[in-house]
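S.K.:
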Amino acid sequence: MIQNDNVDVFRTLTWSAGAGCHGGCGQKLYVKEGKLVMVEGDENNPWNQGRACPRVLALKQYVYHPDRITTPLKRVGSRGEGKFEPISWEEAFDTCESKMREIREKHGAESVIFAQGTGRDVGGPISFLAYNYGSPNWCQLGLSGQSCYTPRLGAMKASTGEFAVLDASQFSEKRYEDPEWRPPKTIIVWGQNPPPTCPDGFFGHWVVDCMQRGSRIISIDPRNTWMSTRAKYHLQLRPGTDGALALGMLNIIIREELYDKEFVEKWTYGFDKLSERVKEYPVEKVSRITWVPEQTIVDAARLYATSKPSAIQWGVPIDMCPQGTSVAQAISHLWTVTGNIDIPGGNVIARPAFGVTTYPYTTEELVGLYGQDLVDRLNEKRIGCDTYPMVKGFRGWAQPDMAIDQINSGKPYPVTGAWIQTANILGGQAARARFHYEALKKLDFVAVVDLFHNPTTMALADIVLPAATFAEKDSFRSWWAPMGVIHKKIQVGECKSDWEINFEMARRLSDKKLKWNNPKELFDERLSVAGTTFDEMSKNGPWKMPEDGPFKPYRRHERGLLRRDGKPGFETETGKVELYCKAYEGWGLDPLPYYHEPPQSPVSTPELFEKYPLIMITGARSSMFFHSEHRMIPWLREKNPDPYVEVHPRTAEKFGVYDGEWIYLENDMGRVKRKVRISLRVHPEMVHTLHSWWMPEEKGREPDLFGVWDYQINQLVPGPQHSDSGFGGGQYKTTLVKISRIDRREVDNG
Amino acid sequence: MAKFGILVHYDFCTGCQTCAVACQQEHDFPVGKCGVKVTEYVYEAEKKPVAIDYLPFFTELCDLCMRRYKNGEEPACVKHCQSFCMQFGKLDELVTDMESKSRSVLFTPR
Numbered sequence: 002m003i004q005n006d007n008v009d010v011f012r013t014l015t016w017s018a019g020a021g022c023h024g025g026c027g028q029k030l031y032v033k034e035g036k037l038v039m040v041e042g043d044e045n046n047p048w049n050q051g052r053a054c055p056r057v058l059a060l061k062q063y064v065y066h067p068d069r070i071t072t073p074l075k076r077v078g079s080r081g082e083g084k085f086e087p088i089s090w091e092e093a094f095d096t097c098e099s100k101m102r103e104i105r106e107k108h109g110a111e112s113v114i115f116a117q118g119t120g121r122d123v124g125g126p127i128s129f130l131a132y133n134y135g136s137p138n139w140c141q142l143g144l145s146g147q148s149c150y151t152p153r154l155g156a157m158k159a160s161t162g163e164f165a166v167l168d169a170s171q172f173s174e175k176r177y178e179d180p181e182w183r184p185p186k187t188i189i190v191w192g193q194n195p196p197p198t199c200p201d202g203f204f205g206h207w208v209v210d211c212m213q214r215g216s217r218i219i220s221i222d223p224r225n226t227w228m229s230t231r232a233k234y235h236l237q238l239r240p241g242t243d244g245a246l247a248l249g250m251l252n253i254i255i256r257e258e259l260y261d262k263e264f265v266e267k268w269t270y271g272f273d274k275l276s277e278r279v280k281e282y283p284v285e286k287v288s289r290i291t292w293v294p295e296q297t298i299v300d301a302a303r304l305y306a307t308s309k310p311s312a313i314q315w316g317v318p319i320d321m322c323p324q325g326t327s328v329a330q331a332i333s334h335l336w337t338v339t340g341n342i343d344i345p346g347g348n349v350i351a352r353p354a355f356g357v358t359t360y361p362y363t364t365e366e367l368v369g370l371y372g373q374d375l376v377d378r379l380n381e382k383r384i385g386c387d388t389y390p391m392v393k394g395f396r397g398w399a400q401p402d403m404a405i406d407q408i409n410s411g412k413p414y415p416v417t418g419a420w421i422q423t424a425n426i427l428g429g430q431a432a433r434a435r436f437h438y439e440a441l442k443k444l445d446f447v448a449v450v451d452l453f454h455n456p457t458t459m460a461l462a463d464i465v466l467p468a469a470t471f472a473e474k475d476s477f478r479s480w481w482a483p484m485g486v487i488h489k490k491i492q493v494g495e496c497k498s499d500w501e502i503n504f505e506m507a508r509r510l511s512d513k514k515l516k517w518n519n520p521k522e523l524f525d526e527r528l529s530v531a532g533t534t535f536d537e538m539s540k541n542g543p544w545k546m547p548e549d550g551p552f553k554p555y556r557r558h559e560r561g562l563l564r565r566d567g568k569p570g571f572e573t574e575t576g577k578v579e580l581y582c583k584a585y586e587g588w589g590l591d592p593l594p595y596y597h598e599p600p601q602s603p604v605s606t607p608e609l610f611e612k613y614p615l616i617m618i619t620g621a622r623s624s625m626f627f628h629s630e631h632r633m634i635p636w637l638r639e640k641n642p643d644p645y646v647e648v649h650p651r652t653a654e655k656f657g658v659y660d661g662e663w664i665y666l667e668n669d670m671g672r673v674k675r676k677v678r679i680s681l682r683v684h685p686e687m688v689h690t691l692h693s694w695w696m697p698e699e700k701g702r703e704p705d706l707f708g709v710w711d712y713q714i715n716q717l718v719p720g721p722q723h724s725d726s727g728f729g730g731g732q733y734k735t736t737l738v739k740i741s742r743i744d745r746r747e748v749d750n751g
Numbered sequence: 079m080a081k082f083g084i085l086v087h088y089d090f091c092t093g094c095q096t097c098a099v100a101c102q103q104e105h106d107f108p109v110g111k112c113g114v115k116v117t118e119y120v121y122e123a124e125k126k127p128v129a130i131d132y133l134p135f136f137t138e139l140c141d142l143c144m145r146r147y148k149n150g151e152e153p154a155c156v157k158h159c160q161s162f163c164m165q166f167g168k169l170d171e172l173v174t175d176m177e178s179k180s181r182s183v184l185f186t187p188r
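Same order as they appear, the protein sequences are chains A and B.
Converting from the first sequence to my numbering requires adding 1 to each position, the first position being numbered 1.
Converting from the second sequence to my numbering requires adding 78 to each position, the first position being numbered 1.
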């Protein structure tokens with residue numbers, strides 16, 4: 002409980018470790034004598050309107066956790082032995098500098114990989130360091146097929162020249178009171194359970210807000226969730242068949258002429274070709290593929306197409322189809338052919354507010370920050386660029402599956418160092434986690450920036466640099482709207498922000514003298530296009546919503562606000578939304594969407610299915626955790642103490658397991674412990690389990706690594722399966738497994 | 079003093095546990111102690127193969143955040159509820175509101 006005397010209240014934003022998420026929520030930090038005493042949601046911030054999530058409300062336990070790393074550390078034993086000694090920042094920076102210079106001189110800057118995890122503000126500083134050091138190899142290492150939003154972003158950019166999101170009036174200060182806004186009449190929630198997650202710059206409960214204002218839900222989800230049980234239609238599809246479903250729905254909408262003829266005529270290119278393609282997906286066939294009854298598919302397609310405005314809110318399972326860039330294309334065509342683009346209550350075009358770049362999402366933004374010359378030069382060496390024109394043409398990521406393979410092969414050039422920043426690769430995103438472990442162990446130098454020890458720091462780090470939470474740092478955020486700043490109010494130990502750490506490293510390693518003296522000058526330069534400064538933003542709010550113009554909906558294509566030449570239309574080759582995608586054609590990809598079976602499935606691998614008869618879905622979100630974080634936070638862990646697997650009652654009976662029993666999930670890649678939760682939430686042919694589990698309370702040093710080899714589910718997820726775009730895949734949602742009972746003697750004997 | 083309570087329009091409770099952690103922070107409760115606990119029920123209903131309900135129930139530890147009330151603030155759970163499905167107020171007013179809300183429960187403290 003807080004006392005009111007001597008407590009200062011500061012309004013800031015999340016987008017960092019702490020809450021861990023993709024951020025945007027306004028928070029009030031209550032600080033007394035330099036210590037955080039309470040956090041509350043900021044009611045003045047239109048994003049969350051005073052709300053907060055469990056992770057924010059437990060921030061005090063996170064910030065002052067006794068296990069926080071609060072000084073730089075150097076490894077003093079062998080790798081994995083768990084022996085570290087505190088060192089000064091000067092020594093830590095000196096060591097990192099000399100090791101990284103050594104690699105650059107010996108092999109070239111591209112021989113260091115810059116690895117991040119989820120999409121938060123680290124994307125800005127880590128790309129800043131990579132580009133200043135001279136390495137193009139920045140990626141979400143371990144995340145097979147870069148399959149988190151990038152496939153969806155790529156598909157939207159290629160066909161529309163823009164990105165689009167469900168309109169929950171988030172671009173307006175007045176939010177739901179804005180007279181121009183209307184709630185979507187129908188929302189398709191595709192492969193997502195929004196309440197426990199706030200992904201991709203979207204606050205999950207905005208969908209609930211819309212429901213309270215009359216939006217009907219079509220839920221496309223293999224699981225039964227709070228959302229699906231309140232849906233008008235629930236399409237309980239077989240995991241990985243999203244592409245077939247989207248094509249089938251397009252087929253119904255086009256055949257029954259439910260599309261927006263005027264919009265299609267005026268603003269799209271390639272409708273005839275798309276119409277031909279979707280004929281290959283009649284509803285009978287789609288029903289057979291997806292396991293969704295024919296009538297439900299028809300009803301859902303009709304409802305979506307005939308209840309304008311309608312919107313689609315989509316999730317990461319789309320990226321995790323190997324053909325993710327094609328599946329995303331098909332789904333985005335649904336909002337295009339129905340004319341639900343950039344209208345109130347539809348899918349509105351989303352740009353970073355005021356054009357401020359923090360974390361570059363496109364090649365154009367990278368060029369804007371680092372110049373065409375450097376981006377072109379680095380692209381020559383970027384892993385994946387030679388093989389995949391889309392990887393080269395869209396965004397600046399190295400292809401992560403190829404990156405880890407290259408550490409092993411040394412071809413076409415050696416990779417000998419890694420800068421891993423707030424990414425617990427081994428406990429988190431790495432498919433074939435053991436393979437990643439073995440490859441990364443071979444590196445000559447590994448620096449890890451993080452807040453807590455975890456399997457990745459323990460197994461790999463030569464130097465550990467202590468990072469700050471959002472309460473302890475200055476940063477800025479521009480992911481759609483509003484634009485905002487995060488400002489430092491407390492200090493914990495010697496922790497520094499990702500921007501401070503990377504700015505200092507870039508200053509030491511850049512060929513040229515940096516033009517800023519400190520990170521704040523860099524922020525001010527980036528914020529200048531919004532006509533403001535960091536200090537001004539900190540004082541006023543700290544957020545700013547764009548005025549009417551290119552950064553605010555609606556109907557910008559009609560008003561000439563999207564194209565660089567100022568003409569009406571879209572920023573694509575044809576000036577229209579390309580249903581037949583010219584950019585894909587240029588990259589040697591199928592310009593029209595298509596469907597392929599998942600690489601492992603009852604259909605594509607029937608023999609494997611006989612051996613492993615359950616489709617394992619991983620990665621549903623818990624409000625308590627953000628990916629591999631927060632397992633050590635008492636108030637959060639209490640609500641979700643164990644890594645459970647949801648098993649349908651019939652399936653439990655078949656495998657002879659009881660509720661609460663510890664079992665193995667198993668396939669040819671290994672076995673992982675889980676606690677059975679018998680539940681109707683899951684389909685009898687599937688099991689679902691939470692991802693990214695490790696146990697901070699277990700031993701950190703090898704071989705234990707906090708129990709990662711007992712609990713890390715991605716050990717069962719096989720290697721690269723992306724399509725010819727280079728993006729998409731990772732069988733995080735479609736791996737085949739079986740349940741094995743744990744031999745009691747084995748347990749008793751430890 | 080009028081009697082106060084919390085009305086929960088639980089059809090919109092998504093089970094996010096925000097209320098529970100908000101309560102623990104406000105009262106500095108350790109693990110195992112909380113003024114509100116969220117329960118979950120997954121079952122086969124009349125017209126649905128699967129239904130899912132969440133309901134926050136209030137414990138003896140709930141004091142309706144009287145410290146906050148004195149400062150003119152709502153209870154911590156009500157303020158932070160991500161679904162805005164909790165309402166604090168005088169009982170007679172909440173009962174009136176309840177008439178227009180299906181699937182809701184009203185809590186009164188000891």
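Even for Gly, the Cβ is constructed at its ideal location relative to N, Cα and C.
(1) According to DSSP, A:Lys309 sits in a beta bridge with which residue or residues?
(2) Could you tell me the distance, in whole angstroms, from the CA atom of A:Trp500 to the CA atom of A:Met625?
(3) According to DSSP, is A:Met2 part of a helix, a strand, or is it coil?
(4) Would you mind telling me which residues of chain A sit closer than 7 angstroms to B:Ser161, beta carbon to beta carbon, in chain order?
(5) Between B:Arg93 and chain A, is the shortest Cβ-Cβ distance under 8 angstroms, so that the two count as touching?
(6) If we cut at 8 angstroms on Cβ distances, does A:Leu238 have a partner in chain B?
(7) So which residues of chain A does B:Ile130 contact, with C-beta pairs closer than 8 angstroms?
(8) Taking Cβ-Cβ distances below 8 angstroms as the criterion, which residues of the segment 94 to 107 of chain B are in contact with chain A?
(9) Under 8 angstroms Cβ to Cβ from A:His840, same chain only, skipping five residues before and after it: list those, please.
(10) So, at 8 angstroms on beta carbons, what are the nonlocal neighbours of A:Tyr260 in its own chain, with the 5 sequence-adjacent residues on each side left out?
(11) How far does the alpha helix (DSSP H) with A:Trp500 in it reach, from first residue to last?
(12) Going by DSSP, name the residue or residues bridged to A:Glu667.
(13) Would you mind telling me which residues of chain A sit closer than 7 angstroms to B:Lys195, beta carbon to beta carbon, in chain order?
(14) Where do the N-terminal and C-terminal ends of the beta strand (DSSP E) with B:Gly83 fall, by residue?
(15) Can you say whether A:Gln117 is buried or exposed, counting buried as having 16 or more other CB atoms within 10 angstroms of its CB?
(16) Using the beta-carbon count (16 or more within 10 Å), is A:Asp6 buried or exposed?
(17) Spell out the partners DSSP gives A:Lys33 in its beta bridges.
(18) Judging by CA-CA distance, which residue of A:Pro635, A:Ser693 and A:Arg564 is the nearest neighbour of A:Gly620?
(19) What residue range is occupied by the uninterrupted beta strand (DSSP E) comprising A:Ser476?
(20) Any idea which residues DSSP pairs B:Lys115 with across the strands?
(21) Quick check: is the beta carbon of B:Phe135 nearer than 8 angstroms to any beta carbon in chain A?
(22) Using a Cβ-Cβ distance cut-off of 8 angstroms, determine whether B:Phe166 contacts chain A.
(23) Mark A:Gly751 as exposed unless 16 or more other C-beta atoms lie within 10 angstroms of its C-beta, in which case mark it buried.
(24) Look at the alpha carbon of A:Gln601 and the alpha carbon of A:Leu737, and state the distance between them as a whole number of angstroms.
(25) Measure the CB-CB distance between A:Val646 and A:Arg672 and report whether it falls below 8 angstroms.
(26) How would you call B:Met144, buried or exposed, if buried means at least 16 neighbouring beta carbons within 10 angstroms?
(27) What is the DSSP secondary structure of B:Gln102, reduced to helix, strand or coil?
(28) Between A:Gly244 and A:Gln324, is the Cβ-Cβ spacing less than 8 angstroms?
(29) Report, in whole angstroms, the separation of the C-beta atoms of A:Gly42 and A:Ala53, which I expect to be a contact under 8 angstroms.
(30) Where do the N-terminal and C-terminal ends of the beta strand (DSSP E) with B:Phe185 fall, by residue?
(31) With a threshold of 8 angstroms between beta carbons, is B:Lys111 in contact with chain A?
(32) Kindly give me the distance between the Cβ atoms of A:Thr690 and A:Ile714, rounded to whole angstroms, as I take these residues to be in contact under 8 angstroms.
(33) Buried or exposed for A:Asn541, please, with buried defined as at least 16 other CB atoms from any protein chain shown within 10 angstroms of its CB.
(34) Report yes or no: is there a C-beta of chain A within less than 8 angstroms of the C-beta of B:Val120?
(35) Compare the C-alpha of B:Val120 against each of A:Pro650, A:Gly661 and A:Lys655 and name the closest.
(36) CB-CB under 6 angstroms to B:Ala123, same chain, minus the five flanking residues each way: which ones, in chain order?
M.R.: Here's the rundown:
(1) A:Lys309 pairs with nothing; no bridge assigned.
(2) 27 angstroms
(3) The predicted model places A:Met2 with a pLDDT of 48, which falls under 50 and marks its position as unreliable; any figure quoted below should be read in that light. It is coil, neither helix nor strand.
(4) His206 and Val209
(5) A small fix is needed here, since residue 93 of chain B is Gly in this sequence, not Arg. Judged by the 8 angstroms Cβ criterion, B:Gly93 is in contact with chain A.
(6) no
(7) Asn225, Thr226, Trp227, Thr230 and Arg682
(8) Cys94, Gln95, Thr96, Ala98, Val99, Ala100, Gln102, Gln103, Glu104, His105 and Asp106
(9) The question about residue 840 of chain A has no answer here: the residues shown for chain A are numbered 2 through 751.
(10) Ile254, Ala306, Val338, Thr339 and Gly340
(11) Asp499 to Leu510
(12) A:Arg672 and A:Lys739, per the DSSP bridge assignment.
(13) Because chain B here runs from 79 to 188, residue 195 of chain B falls outside it and cannot be looked at.
(14) Phe82 to Val86
(15) Answer is buried; the Cβ neighbour count reaches 16.
(16) exposed
(17) A:Val8 and A:Lys36, per the DSSP bridge assignment.
(18) A:Ser693
(19) Ser476 to Arg478
(20) B:Phe135
(21) Chain A contact via Cβ: absent.
(22) no
(23) In this prediction, A:Gly751 scores a pLDDT of 47, lower than 50, which makes its location untrustworthy; the coordinate-derived value is nonetheless stated afterwards. Flag for A:Gly751 reads exposed.
(24) 7 angstroms
(25) Using a Cβ distance threshold of 8 angstroms, A:Val646 and A:Arg672 do not count as a contacting pair.
(26) exposed
(27) Note: B:Gln102 maps to helix in three-state DSSP.
(28) yes
(29) About 4 angstroms; that satisfies the 8 angstroms criterion.
(30) Val183 to Phe185
(31) no
(32) 6 angstroms
(33) exposed
(34) So, interface residue.
(35) A:Pro650
(36) Ala129, listed in sequence order.
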